[in-house]
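Residue numbers (my numbering): 17 to 168.
Dropping the structure here:
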C-alpha cells in the first residue's frame, strides 16, 4: 500500500441511476446507467502502469448494466427449498464522454438450489461464475468473485 505525503492517492466522482421492474413475485429486472470520473497521482501511474488504460492518470467513462433475477425460494433469508438464478451484464465505457475508458464487458452468473430432505434437513448447492470480454481489464475495474458478496 502506498500513501502520498499530501492529498489522496485517488479521487473519484460517481453517479448512478437504476430502474427496476418487478411484474411478478419471482422475476426482477434492473437497468443501470452510471458515470465515473477518477484521477490518481502520477506516482500511482508510475508504480502501476495498468491502473488505467495506457498508463494514464485520469479515466472518465459511462457504464451500463442489466440484471435478471429469478427467485423461487420458500424463504428468502433461510431457504429450505427452491432455486435462485441471477445473470448480470455490465459494460464499462460506452464510447460517449470516454477518456481512457476500460472498454470491457463483464458477465456474471449465479445459480443456487435447495432441497428439503426432511423436517430438520436441507441440502443446498451453488455455482457462481464471471467472464470478462474485450481484453484485459485495467486494474481500476477488476473485481474478483466474492467482493460484492459474503465469502464464507
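From the three backbone atoms N, C-alpha and C, an ideal C-beta is built for every residue, glycine too.
Practice task
Using only alpha-carbon positions, find the residue among 36, 158, 37 and 55 that is nearest to residue 30.
Solution key: Per the Cα distances, 55.
Handout entry: Contiguous alpha helix (DSSP H) assignments of at least 4 residues, all confined to the stretch 53 to 81
Key = 58 to 63
Exercise for the section: Determine the contact status of residue 68 and residue 154, defining contact as a CB-CB distance below 7 Å. Expected result: The answer is yes: Cβ separation under 7 Å.
Practice task
State the start and end residues of the unbroken beta strand (DSSP E) segment that holds residue 99.
Solution key: Here the beta strand (DSSP E) through residue 99 covers 98 to 108.
Handout entry: Classification of residue 81 by the beta-carbon crowding that lies within 10 angstroms, buried from 16 upward
Key = Residue environment: residue 81 is assigned as buried (16 or more neighbouring CB atoms within 10 Å of its CB, all protein chains considered).
Handout entry: Closest by C-alpha distance to residue 108, when choosing among 49, 62 and 146
Key = Between residue 108 and the set 49, 62 and 146, the nearest pair of CA atoms involves 49.
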